[in-house]
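Chemist: Going by the numbering used here, the sequence shown opens with residue 6, and the numbers climb by one from there.
For each residue, glycine too, the CB sits at the ideal point set by N, CA and C.
No experiment lies behind these values; they were computed from the predicted model shown.
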Amino acid sequence: MRIRSFLTVSTAAAAGAALLLTAAPQGLAAQLAAKTPVCKAKVLKLGAKQSKDARVVHISVKNTGTRTCTIDRLPVVTFGDLDGAALPVPSGESGPYKVGSGKTVYAAVRTIADLKDPDARRVGTITVSANPNLNGRTFTAKQLGASKKVKVWEPVTTWWKPSKAAADKALKKEVG
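See below:
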């Protein structure tokens, strides 16, 4: 009898834990299930370079640490002293994105749809962060390989992707 009672309590506890994970908000459930630590700024190497298409900047983040960790699945990209950041496409909420030790992930940022747009703003820097809680790194137009200034109007960014090609494909799919 004691063994049967123990099994019943143990089964009930396991079912309760499963119910808790299912009922928890999606992001919390993923973090509880994954138990992967958030990447510390010191292990992240951020990069940014203008693509052949002057409207697009490729950004990257490499996990230089020895363990898999998480960044936010939505990169944070801001432009000089302008208010706001590039909007994610598709739209979505923050959540964890795993980056393996020594691995690099990529996003594509379209800074402007039409380079001749008369409403375009011009900035000398772009700041990229892998997590809204981290400061990130600022790149000058020269470091990006751009002309003197980067033209900006209604910028958008993809979510992090495992390759530059996947980021380009996602951008093309979302904004054409």
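If you reduce the DSSP assignment to three classes, tell me which class L149 lands in.
Modeler: As a working mapping, residue 149 is identified with position 144 in the sequence shown. Residue state, collapsed to three classes: helix.
Chemist: So, with DSSP's three-state summary, where would you put K154?
Modeler: Along the sequence shown, read from residue 1 onward, the residue named residue 154 stands at position 149. Residue state, collapsed to three classes: coil.
Chemist: Determine the direct distance from the alpha carbon of P42 to that of L139, and round the result to whole angstroms.
Modeler: For this step, residue 139 is matched to residue 134 along the sequence shown. For this step, residue 42 is matched to residue 37 along the sequence shown. Taking the straight line joining both Cα atoms gives about 15 Å.
Chemist: Is any heavy atom of the ligand MN found at a distance shorter than 7 Å from the C-beta of A175?
Modeler: Judged by which ligands are present, the structure shown has none, so any question about the ligand MN falls away.
Chemist: How close, in whole Å, do the beta carbons of P160 and T116 come, if the pair is a contact with beta carbons under 8 Å?
Modeler: What you label residue 160 is simply residue 155 of the sequence shown in a count that begins at 1. What you label residue 116 is simply residue 111 of the sequence shown in a count that begins at 1. Contact between P160 and T116 is confirmed by a C-beta separation of about 5 Å, below the 8 Å threshold.
Chemist: The beta strand (DSSP E) that contains V81, what's its start and end?
Modeler: Here residue 81 refers to the residue found at position 76 of the sequence shown. Here the beta strand (DSSP E) through V81 covers 81-84.
Chemist: Could you name the residues that DSSP lists as bridge partners for A113?
Modeler: If you number the sequence shown from 1, residue 113 lands on position 108. For A113, which the question treats as bridged, DSSP gives the partners H63.
Chemist: Any contact between the stretch 67-76 and the stretch 145-159? By contact I mean 3 or more CB pairs, one from each, below 8 Å.
Modeler: no
Chemist: Flag this pair as touching only if the stretch 104-124 and the stretch 57-67 have three or more C-beta atom pairs under 8 Å; answer yes or no.
Modeler: Result yes; three or more Cβ-Cβ pairs closer than 8 Å.
Chemist: Smallest Cα separation from S56: which of T83, A151, K178, K147?
Modeler: Taking the first residue of the sequence shown as position 1, residue 56 is located at position 51. Minimum Cα distance to S56 is reached at A151.
Chemist: For the alpha helix (DSSP H) holding V180, just list the boundary residues, first then last.
Modeler: What you label residue 180 is simply residue 175 of the sequence shown in a count that begins at 1. For V180, the enclosing alpha helix (DSSP H) has its first and last residue at 169-180.
Chemist: If you follow the beta strand (DSSP E) that K54 is part of, which residue opens it and which one closes it?
Modeler: Here residue 54 is taken as the residue at index 49 of the sequence shown, counted from 1. 49-55 is the extent of the beta strand (DSSP E) around K54.
Chemist: If you follow the beta strand (DSSP E) that T75 is in, where does it begin and where does it stop?
Modeler: The count along the sequence shown starts at 1 and reaches residue 75 at position 70. That run of the beta strand (DSSP E) goes 74-77.
Chemist: Decide if P167 is buried, meaning its Cβ has at least 16 other Cβ atoms within 10 Å, or exposed.
Modeler: Locating residue 167 in the sequence shown gives position 162, counting from the first residue. That one is exposed.
Chemist: Cutting at 6 Å between CB atoms, please list the residues of its own chain near A91, excluding the five before and the five after it.
Modeler: Taking the first residue of the sequence shown as position 1, residue 91 is located at position 86. Result list for A91: V82, V114, P160, V161, T162, in chain order.
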